[in-house]
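A.B. asks: Numbering (my numbering), first residue to last: -12 to 127.
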């Protein structure tokens, strides 16, 4: 229900592919303090088909522009392959006063180094219930 049945956020989903879905991107908009924000909530694509993701990102950005979005926000791990792709499209890194917390099961087969290296993780806004924009009289 995260995207299609969510009662308080209207998500958009774009998909692409030849002969089937090879990728999708999920996003939404919100206005807070008279500023229009666009959020990249989630994406997935077939490994090796970065052109599919490039196209989805371009279409999403075009949609945001057409709807007056002033700022686009996403969570992307610094070591994630998408980070340089977004930088090339004009995105910048901004400080974020919160930290990613990871809690693992007591599984002795998972080395600590694997868990502690953010480059081994993939997470997006859609993986969290954290609210990025403050409501009136609320601080991040």
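Using N, Cα and C, we set each Cβ at its ideal position, and we do this for glycine too.
1. Need the endpoints of the alpha helix (DSSP H) that residue -8 sits in, please.
2. Would the segment -12 to -2 and the segment 32 to 46 be scored as touching if the rule is three or more Cβ pairs under 8 Å?
3. Short of 7 Å in beta carbon distance, which residues of its chain neighbour residue 55, apart from the five on each side in sequence? Order them along the chain.
4. Could you say which of 81, 39, 104, 60 lies nearest to residue 28 if we only look at CA atoms?
5. With H, G and I counted as helix, E and B as strand and the rest as coil, what does DSSP make of residue 107?
6. CB-CB under 7 Å to residue 63, same chain, minus the five flanking residues each way: which ones, in chain order?
7. Bridge partners of residue 15, per DSSP?
8. Using C-beta distances below 7 Å, list every residue in its chain close to residue 96, excluding the 5 sequence neighbours before and after it, in chain order.
9. In whole angstroms, what separates the C-alpha of residue 16 from that of residue 8?
10. Is the separation between the beta-carbon of residue 6 and that of residue 14 shorter than 8 Å?
11. From the DSSP output, in three-state form, read off residue 61 for me.
12. For residue 99 and residue -9, what's the separation of their Cα atoms in angstroms?
13. Reducing DSSP to helix, strand and coil, say where residue 95 ends up.
C.D. replies: Taking the coordinates as given:
1. Unbroken run through residue -8: none, as it is neither H nor E.
2. no
3. 23
4. 60
5. helix
6. 69, 70, 73
7. 26
8. none
9. 24 Å
10. no
11. coil
12. 36 Å
13. coil
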